[in-house]
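Here is the structure we will look at.
In the numbering used here, the protein residues as written are 11 to 329.
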C-alpha cells in the first residue's frame, strides 16, 4: 500500500469513527433517555447494530463513490482524499456548533466541482443528480411514513388494556427503532465512506475495519450528543419518537438497498418534524431553521475546503 492509498484508508477510518459516533446519537439517545436498557447494554446494542449495518448493509453502497467518480489513477485518489479530508472536518465542527449537517451533502457537491475543474476526472452525472434530488424528497417521504406509522401504532396500542403489557409493547418499539436506526446509519452514512475506502484496499479489509471504527465511535464520541438528542426525542412521547425513527429508517433503508447515498440526518429530521407538525410550535420552527442552515452552509464550506485541500495535495505531489 503506497502513501496515498494509506492516506485514503486512514481518512476513511477516521470518517467512520466520527460519523458513527455522531449519527448514533439518535439511536443510542432513545435507549438511554427511556432506560429501556442499562447504559452499558445500550452502547453494546448500538455498536453491534452499527457494525452489522456497515459490514452487511453497506454492501449495497459499494458503488456510491468507488465507480461513481472515475479518473486517472493519482488524480482520482487525490481528489477523493481531499474531499473526504475537508468534508469530515467540516462535518465534525458544524455538528459541534449545533448545525445539523450531512456528510453526503458535503462530499457529492465537492466532487462535482472538482470534476468540473479537472480534465482528469469523470462523474456519473445521472447518479449525482438523482442523489441531490433525494435530499429533498427523502425527508418528505419520511414525514408521510412516520405519520402513517404513528396512526397505525396508536391504534394497535390503544387495544392493550393491561398496563404492564402496554409497557412491554413500548419497550419493544424503542428497542426496534434503536437497532434499526443504528443499522441503517451504518449501511448508508458509513457505507459511503466504505466505498471511498475501496479505492485504497480490498473489501475483506475495508468493510470490517470501518465497521469497527464506527462502532468504537459510539463508545468514545457520542455520549454528550446522545443524552441531548435522547431527551429531546422522548419529549415527543414514546410512541411519537419511535414512529419518527422507524418511519425515517424505512425510507432510508429503501434508498440504501437501491444504493442511493441519501442524507440520513435530514431524513431522520424529516421523520421527527413529521410527528412534531401535529402541534406546530417553537421547537418545530427551530428544527426547520437548523435544517435550512445545514442545507445552505455545509456544502459551501465543504466545497471551498475541498478545493483548497486539492490544490495543496497537487502541489505536494508536483502535479
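Ideal Cβ placement from N, Cα and C applies to all residues, glycine included. Bear in mind that the values here come from a model prediction, so they are computed numbers and not experimental data.
- By the Cβ-count criterion, residue 146 is exposed, with fewer than 16 other Cβ atoms from all chains shown falling within 10 Å of its own Cβ.
- Annotated as proximal: residue 64 and residue 220, with beta-carbon spacing under 7 angstroms.
- Annotation: residue 89 to residue 261 spans about 31 angstroms, alpha carbon to alpha carbon.
- With a 10 Å radius around the Cβ and a threshold of 16 neighbouring Cβ atoms, residue 281 comes out buried.
- By the neighbour-count definition (other C-beta atoms within 10 Å, threshold 16), residue 126 is an exposed residue.
- Straight across, the Cα-Cα distance linking residue 91 with residue 323 is about 9 angstroms.
- Within the model, the alpha-carbon separation for residue 279 versus residue 149 is close to 7 angstroms.
- Cα atoms of residue 117 and residue 269: separation of roughly 16 angstroms, rounded to the nearest angstrom.
- Spatial neighbours of residue 37 in its own chain (CB-CB distance under 6 angstroms, excluding positions within 5 residues in sequence) are listed in chain order as 56, 188, 191 and 192.
- Going by C-alpha positions, residue 227 is about 10 angstroms away from residue 53.
- In this structure residue 20 is not in contact with residue 184, their Cβ atoms being roughly 36 angstroms apart against a cut-off of 8 angstroms.
- Secondary structure note for residue 79: its beta strand (DSSP E) is the uninterrupted segment 79-81.
- Burial state of residue 319 is buried, judged by a 10 Å Cβ sphere holding 16 or more other Cβ atoms.
- Only residues of its own chain outside the window of five on either side were considered, and among them 63, 67, 68 and 266 have a CB closer than 6 angstroms to the CB of residue 197, listed in chain order.
- DSSP, read as helix, strand or coil, puts residue 66 in coil.
- For residue 131, there is no enclosing alpha helix (DSSP H); the residue is found in the beta strand (DSSP E) stretching over 131-133.
- Note on residue 87: 16 or more other CB atoms within 10 angstroms of its CB, so buried under the neighbour-count rule.
- As summarised for the stretch 111-146, the continuous beta strand (DSSP E) elements at least 3 residues long and confined to that stretch are 131-133, given in chain order.
- Looking at the DSSP output, residue 76 sits in a beta bridge with 79.
- Comparing C-alpha distances from residue 271 to each of 129, 178 and 203 shows the shortest one belongs to 203.
- The beta carbons of residue 23 and residue 164 sit about 43 angstroms from each other, so the pair does not count as a contact at 8 angstroms.
- Counting other Cβ atoms within 10 Å of its Cβ, residue 82 stays below 16 and is therefore classed as exposed.
- Under the three-state reduction of DSSP, residue 91 is assigned to helix.
- Counting along the chain, residue 259 sits inside the alpha helix (DSSP H) bounded by residues 248-267.
- Between residue 115 and residue 253, the gap from beta carbon to beta carbon reaches 7 angstroms or more.
- Per DSSP, reduced to three states, the secondary structure at residue 99 is helical.
- Rounded to whole angstroms, the Cβ separation of residue 113 and residue 29 is 6 angstroms, and the two are in contact under 8 angstroms.
- One thing to note: residue 75 has its Cβ within 7 angstroms of the Cβ of residue 205.
- Annotation: residue 84 to residue 317 spans about 16 angstroms, alpha carbon to alpha carbon.
- With contacts defined by Cβ atoms closer than 7 angstroms, residue 94 and residue 26 do not form a contacting pair.
- Straight-line spacing of the CA atoms in residue 326 and residue 33 works out to 34 angstroms.
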